[in-house]
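Student:
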DNA sequence: TATTAAACGAGACGGTACGTCTCGTCTTCAA
DNA sequence: TTGAAGACGAGACGTACCGTCTCGTTTAATA
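Chains as they are written, first to last, in our numbering: chain A, 1 to 233; chain B, 1001 to 1233; chain C, 2001 to 2233; chain D, 3001 to 3233.
(1) For the stretch 3216-3231 of chain D and the stretch 3149-3158 of chain D, state whether three or more C-beta atom pairs, one from each stretch, are separated by less than 8 Å.
(2) Which bits of chain A does residue 1147 of chain B rub up against, with CB to CB less than 7 Å?
(3) I need the DSSP call for residue 191 of chain A, collapsed to helix, strand or coil.
(4) Only counting runs of 4 or more residues, tell me where the alpha helix (DSSP H) segments fall wholly within the stretch 1116-1163 of chain B, in order along the chain.
(5) Kindly indicate which three-state DSSP category residue 1232 of chain B falls into: helix, strand or coil?
(6) Residue 198 of chain A CB to nearest chain B CB: under 8 Å?
(7) Scan the stretch 1199-1214 of chain B for residues whose Cβ lies nearer than 9 Å to a Cβ of chain A and list them as they occur along the chain.
(8) Going by the beta-carbon positions, is the gap between residue 3227 of chain D and residue 2202 of chain C smaller than 8 Å?
(9) Are the CB atoms of residue 3100 of chain D and residue 3062 of chain D within a distance shorter than 8 Å?
(10) Counting only beta-carbon atoms, is residue 2136 of chain C nearer than 8 Å to chain D?
(11) Below 8 Å between beta carbons is the criterion; list the residues of the stretch 1061-1087 of chain B that meet it against any residue of chain A, in chain order.
(12) Under a three-way DSSP split, which group does residue 239 of chain A fall into?
(13) So, using beta-carbon positions, are residue 1085 of chain B and residue 1049 of chain B closer together than 8 Å?
(14) Return the residue from the list C:2103, C:2058, C:2128 that minimises the CA-CA distance to residue 2204 of chain C.
(15) How big is the Cα-Cα spacing for residue 2192 of chain C and residue 2131 of chain C?
(16) Applying the criterion that 16 or more other CB atoms from any shown protein chain within 10 Å of the CB defines a buried residue, is residue 1075 of chain B buried or exposed?
(17) For residue 3079 of chain D and residue 3175 of chain D, I'd like the C-alpha separation in whole angstroms.
(18) Express the C-alpha separation of residue 165 of chain A and residue 144 of chain A in angstroms, rounding to a whole number.
(19) In chain order, which alpha helix (DSSP H) runs of at least 4 residues are fully inside the stretch 1192-1224 of chain B?
(20) Hey, out of A:173, A:216, A:96, A:59, whose CA is closest to residue 154 of chain A's CA?
(21) Are the beta-carbon atoms belonging to residue 2161 of chain C and residue 2102 of chain C less than 8 Å from one another?
(22) Between residue 183 of chain A and chain B, is the shortest Cβ-Cβ distance under 8 Å, so that the two count as touching?
(23) Would you grab the beta carbon distance between residue 212 of chain A and residue 1199 of chain B for me? Rounded to a whole angstrom, and I think it's under 8 Å.
(24) Straight-line CA distance for residue 2029 of chain C to residue 2107 of chain C?
(25) On a CA-only basis, which of D:3169, D:3140, D:3158, D:3188 is nearest residue 3067 of chain D? Give me that one, please.
(26) Would DSSP call residue 2174 of chain C helix, strand or coil?
(27) Quick one: is residue 1083 of chain B buried, meaning 16 or more other Cβ sit within 10 Å of its Cβ, or exposed?
(28) Should residue 2136 of chain C and residue 2186 of chain C be called a contact, given that it needs their Cβ atoms to be closer than 8 Å?
(29) If we count the other Cβ atoms within 10 Å of its Cβ and call it buried at 16 or more, is residue 3158 of chain D buried or exposed?
(30) Any beta-carbon of chain A closer than 8 Å to the one on residue 1046 of chain B?
(31) Alpha carbon to alpha carbon, what distance is there between residue 3194 of chain D and residue 1088 of chain B?
(32) Would you give the residue range spanned by the alpha helix (DSSP H) that residue 1074 of chain B belongs to?
(33) Return the Cβ separation of residue 3206 of chain D and residue 2206 of chain C in integer angstroms, given the expectation that the two are a contact with Cβ distance under 8 Å.
(34) Between residue 187 of chain A and chain B, is any beta-carbon pair separated by less than 8 Å?
(35) Can residue 1208 of chain B and residue 1142 of chain B be called in contact, C-beta distance under 8 Å?
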């Protein structure tokens, strides 16, 4: 939790602890949200319990809406209509459209994206970048990330949440790979790892956002080749 | 002109010819707009002529508004009020708020940004990246570019215009430097230049957009160091 | 309902049935609207119910605005501001400013306007015309009717609504008086009643609209005198 | 001239003198405007003289526009476009759209509408009312008068001009007929003539404005019949 | 015959109001 | 208490015209 938001189960935040444990807790319901760890539905008080189907409908509708209509057509009102849900229900659980988009994105994409387990740094890096680029290029994920990043430029909470729940979660994994390669002598000892990571991924996000050149496989091959040469011992 | 917009002097576009010639024609008036080449104010028919002061007031107000209020507070209505101008006048010349932002940005930033003229590639690159990073970090330019890029995610025309009038215009210069270094043997012969450029600048724009790490001078030093190593012969 | 408007409670229409029963159903809420007959608030589904205070505020503000500023100053925007209400709320219930004016007028004037109960036709007629003329001359009603009639020249729905809800409702009463006088031998048997009514009231509305001569009591006396002579057996 | 308007040849006004002489001076150009009396074009200074064709084009376009599009579609901007004329030219000669409409109406309708010259009052009256009703019913005149009257509800100058240049001009003729009939004993001696005129014409304008019953020939026959009975000695 | 001032077309300009859209909040009823 | 429905105040959107103001061009009386 960022602590800035007063609602008990709001859809933005939950970064620090998760980053450390590598586990991600979704604000969405069971089944959709849980990954590797049991979690009680937190039953408070008496009233009607939260409807898992409703939450799922909202997140699914969000992905569809974003994919079909793009950022401009992604409104809370339209989302509510598409999901067959009251606006109140959305506002009860998420503070903004960006927060919904982020949750929808994470719940859809997170399950994917493995990390090739190789000892060869070059192979591992290329494999991972290729997986990311293909997700951005061939699935709705690209469109959605663009939307979230755009939205985040005017929404500090969303920016922070995206950083913590997507970027940092992936960087953590990446960082480990870089460190292992450093220890095994494949990368130079004095490497500034954050900059090194940006060297590779910055280019990917840059093409995603500006689209000035395609996110081709060839691009990934060249990019990782140049990067590995630049970072090795 | 992109040819997609029917208005003779609309604020987005003017890409193709300019990219080729390296000359940029602003939709704004003389003085503001001209760079190195005489240009007729394009007298069309009779009517009252466009008011240079008004255009300037709008662009100035746009920079102020964006800097102070950010993307969220940058509305056509607010801009008109601040510039002391009718909304109609803005819509007459620009198709969207993004287009105004782009023109305002270019007319404010373009005059700056030199290119260090050195034969040493590493020095030249570092110098230029440093200049860009400092502009993004220490002037309103960074905020404005973020706003434009965000806006461009939902506005294809703006995306195209930003690409053509800012990115491409700068890449053209950069490309020349990369090629010269290639010819002098400082860079490998089979270099895929577009990817190489992204290797460097992608990281800069990534940090600009996500803000996960600061755009420090040290970052630039490391970044260009790694890149140069990765790209050399 | 005229059936031309798709909204369940739109401010124009509701003519036919009402004319027949002499009962008028306002689109406004209870208290304001009901006249002599119980009526369910038409509960549709769940959502928040219409706010009677808001409706009243709008109609009151409409009367004030029309009275003070006249037709030219009677804008939806100004009305919303004066009533402390969002424009949306007005557009939700009325299709045009004319419709608001009509409702405001009817809800303000309807409660008044008795009909002298006499067996003498001449007396009854003069009494009623005098009441109408005095309302037009001495209360805001005149100004408002002029505005509505003006607006109706370019708005067929409003014209129809004004006809049905004001004119026809009053003609129905008048027609009865004329018929009774006809049966008691005070008026000629072959009287074309519609024309007869226009003979009297046409002159009143004519002076209201053109103001070429004052709507004086003396005018009413002469007018009804001439008319009674012209229509008697 | 009303004296309220400062422009030398403005399209509203010219009431008093004309009413007295029965002659109507149009602010429009020769040929179109003059009726029975020579009039100097009032040449002031040297410049280019007013273009009769332009004026005619504007008035013709005004009639067409009003007839086709109605009051709502009758805008200065649209009129200028249709007439192939600059807005300035219209504003130079008329203070408002109502003024143009009035001039257009008068220049189109005035030439018509004779007055049957009979000694029998009933015949004369019926003849004239019939002519007016047919003009309102079967020509664009009706539509245009409705537009002008509507506009006049929010434009005192137009109201005054309409009264003086159309209503009063016709009443003057009518008054003479009523007086002659009074002298010849066909109408009662103590007749209040203004009211008497309204008795007849009020009904016509009422039906024109409200359209609650058709402006049929039969209506005219009954109307004048009842009126004549009511006014005779 | 050249001058010159008004008329004229075009259209830029600061405004106002339009009617629509979406926001985020609030209120009501049903589950 | 959740959730769907939807009323509500707020305010920006992009458009249409308003009436005023330059512009450059045309036209005809005047000097």
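The beta-carbon is built from N, C-alpha and C at its ideal position, and this holds for glycine as well.
Since this is a predicted model, take the numbers as computed values, not measurements.
Tutor: This is what the structure holds:
(1) no
(2) Within the second chain, numbered from 1, the residue matching residue 1147 of chain B stands at position 147. Here the neighbours are 153.
(3) In the first chain, residue 191 of chain A corresponds to position 191, counting from 1. In this structure, residue 191 of chain A counts as coil in the three-state DSSP scheme.
(4) 1121-1138, 1141-1152, 1156-1162
(5) Walking along the second chain from the start, residue 1232 of chain B turns up at place 232. Here residue 1232 of chain B sits in strand by DSSP.
(6) Stepping through the first chain from its first residue, residue 198 of chain A is reached at position 198. So, interface residue.
(7) 1199, 1200, 1201, 1202, 1203, 1204, 1205, 1206, 1207, 1209, 1210, 1211, 1212, 1213
(8) Residue numbering aside, residue 3227 of chain D sits at position 227 when the fourth chain is read from its first letter. Residue numbering aside, residue 2202 of chain C sits at position 202 when the third chain is read from its first letter. In this structure, residue 2202 of chain C does not lie closer than 8 Å to residue 3227 of chain D by Cβ.
(9) In the fourth chain, the residue the question calls residue 3062 of chain D occupies position 62. In the fourth chain, the residue the question calls residue 3100 of chain D occupies position 100. Yes.
(10) Position 136 of the third chain, counting from 1, holds the residue named residue 2136 of chain C. No - not a single Cβ of chain D is within 8 Å of the one on residue 2136 of chain C.
(11) 1070, 1071, 1072
(12) In the structure displayed, chain A extends from 1 to 233; residue 239 of chain A sits before or after that span and is not available.
(13) The residue you call residue 1085 of chain B lines up with position 85 of the second chain. The residue you call residue 1049 of chain B lines up with position 49 of the second chain. It is not a contact, given that the beta carbons lie outside the stated cut-off.
(14) In the third chain, the residue the question calls residue 2204 of chain C occupies position 204. Closest by alpha carbon: C:2128.
(15) Indexing the third chain from 1 puts residue 2192 of chain C at position 192. Indexing the third chain from 1 puts residue 2131 of chain C at position 131. Going from the Cα of residue 2192 of chain C to the Cα of residue 2131 of chain C covers about 24 Å.
(16) Residue numbering aside, residue 1075 of chain B sits at position 75 when the second chain is read from its first letter. By the neighbour-count rule (16 or more Cβ atoms within 10 Å), residue 1075 of chain B is not buried but exposed.
(17) Translated into positions along the fourth chain, residue 3079 of chain D becomes position 79. Translated into positions along the fourth chain, residue 3175 of chain D becomes position 175. C-alpha separation (whole angstroms): 37 Å.
(18) Residue mapping note: residue 144 of chain A aligns to position 144 of the first chain, counting from 1. Residue mapping note: residue 165 of chain A aligns to position 165 of the first chain, counting from 1. Taking the straight line from one Cα to the other gives about 15 Å.
(19) 1193-1210
(20) Taking the first residue of the first chain as 1, we reach residue 154 of chain A at position 154. When only C-alpha atoms are compared, the closest one is A:96.
(21) The residue given as residue 2161 of chain C occupies position 161 in the third chain. The residue given as residue 2102 of chain C occupies position 102 in the third chain. In contact: residue 2161 of chain C and residue 2102 of chain C (Cβ atoms closer than 8 Å).
(22) Locating residue 183 of chain A in the first chain gives position 183, counting from the first residue. No, its Cβ sits nowhere closer than 8 Å to a Cβ of chain B.
(23) Here residue 212 of chain A corresponds to residue number 212 of the first chain, with the count starting at 1. Here residue 1199 of chain B corresponds to residue number 199 of the second chain, with the count starting at 1. Residue 212 of chain A to residue 1199 of chain B, Cβ: 14 Å. No contact.
(24) Position 29 of the third chain holds residue 2029 of chain C. Position 107 of the third chain holds residue 2107 of chain C. With a pLDDT of 37 at residue 2029 of chain C, under the threshold of 50, the modelled position of that residue is not reliable, and the figure given next carries that caveat. Straight-line Cα distance between these residues: approximately 11 Å.
(25) If you number the fourth chain from 1, residue 3067 of chain D lands on position 67. Comparing Cα-Cα distances from residue 3067 of chain D to each of D:3169, D:3140, D:3158, D:3188, the minimum goes to D:3140.
(26) In the third chain, the residue the question calls residue 2174 of chain C occupies position 174. Note: residue 2174 of chain C maps to helix in three-state DSSP.
(27) As a working mapping, residue 1083 of chain B is identified with position 83 in the second chain. Burial call: buried.
(28) Taking the third chain and counting its residues from 1, the one referred to as residue 2136 of chain C is at position 136. Taking the third chain and counting its residues from 1, the one referred to as residue 2186 of chain C is at position 186. Against a cut-off of 8 Å, the Cβ pair of residue 2186 of chain C and residue 2136 of chain C comes out as no contact.
(29) For the purposes of this step, residue 3158 of chain D is taken as residue 158 along the fourth chain, with counting starting at 1. The residue is buried, with at least 16 neighbouring Cβ atoms inside 10 Å.
(30) Indexing the second chain from 1 puts residue 1046 of chain B at position 46. No, residue 1046 of chain B does not count as interfacial toward chain A.
(31) As a first step, residue 1088 of chain B is located in the second chain; it is residue number 88 there, counting from the start. As a first step, residue 3194 of chain D is located in the fourth chain; it is residue number 194 there, counting from the start. Those two C-alpha atoms are separated by around 51 Å.
(32) Numbered from 1 along the second chain, position 74 holds the residue referred to as residue 1074 of chain B. Here residue 1074 of chain B belongs to no alpha helix (DSSP H), and DSSP marks it neither H nor E.
(33) By one-based count along the fourth chain, residue 3206 of chain D stands at place 206. By one-based count along the third chain, residue 2206 of chain C stands at place 206. At roughly 6 Å, the Cβ-Cβ gap stays under 8 Å, so residue 3206 of chain D and residue 2206 of chain C are in contact.
(34) Walking along the first chain from the start, residue 187 of chain A turns up at place 187. Closer than 8 Å: no.
(35) Within the second chain, residue 1208 of chain B is the residue found at index 208, counting from 1. Within the second chain, residue 1142 of chain B is the residue found at index 142, counting from 1. In contact: residue 1208 of chain B and residue 1142 of chain B (Cβ atoms closer than 8 Å).
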